[in-house]
Amino acid sequence: MKLSTLAGAIMAVSLAATSAVSVAKDQGHGVITFKGAIIDAPCSIAQESQYQTVDMDQIANVALKNGGKSNPTPFKIELRGCELGALKAATATFSGSPSSNPDLLALKGTAQGASLAIADHTGALIKLGTASPAQTLSNGDTYLQFNAYLQGDMVAPEGGGESTAAEIVPGDFETFANFTLAYQ
């Protein structure tokens, strides 16, 4: 009797030890969400182009005085896996919060007295809400080229008259532009 009780106890301990080993410890866990969109287009937009940051570097305030412009900073929208067929070119239309000049983007932050302009690859201004000139595409991976620059604001006096240069206040800035592509 004692032998069977002892054997039962040993078996119970063995089973408990085995089940403790077979249950994995939680050493970290999480959830991965995959999201995207299926678009009716001959090209996919590269992930790094959908949400990108363009570093404008540090710009001297004197470059922006009297409506002056900073040096252009190039950026691109990369397109992948293009199967063009009859559609051989694309345009981009940019939108965002306009500054006092409705063609330019307002700056957010401590910097004041300037706005951000978006230009095509030749340097011609692309007005907010207006399609850029068409850029020719190629099959496979390709990209659309653009430039961005700051421009000193000009202030129109109330009641009319000649515009005067806004005061350029140094500080940090950022602004956001949405883009929409159209294929031709």
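Per mature numbering (1 follows the signal peptide of the UniProt record, and there is no 0), the sequence shown runs over residues -24 to -1, 1 to 160. Yeah, the Cβ is synthetic: ideal placement off N, Cα and C, and Gly gets one too.
Taking the alpha-carbon positions, what's the P50 to A124 distance?
-> A direct Cα-Cα distance of roughly 6 Å separates P50 from A124.
Taking Cβ to Cβ, would you say F149 is nearer than 8 Å to A87?
-> Yes, the Cβ-Cβ distance between F149 and A87 is below 8 Å.
Would S46 be called buried (16 or more neighbouring beta carbons within 10 Å of its own) or exposed?
-> Answer is buried; the Cβ neighbour count reaches 16.
Straight-line CA distance for E138 to P74?
-> Looking at the two C-alpha atoms, the distance is approximately 21 Å.
So Y159 packs on I53, CB below 8 Å; how close in whole Å?
-> Rounded to the nearest angstrom, the Cβ distance from Y159 to I53 is 13 Å, too far for a contact under 8 Å.
Starting from the Cα of L80, find the closest Cα among T106, T140, H5 and L63 and give me that residue.
-> Answer by Cα proximity: T106.
Going straight from the alpha carbon of L60 to that of T69, what length do you get?
-> When rounded, the distance between both Cα atoms is 20 Å.
Might you give, ordered along the chain, the residues of its own chain that have their beta carbon closer than 8 Å to the beta carbon of T140, omitting 5 neighbours on each side?
-> M130, V131 and P133, listed in sequence order.
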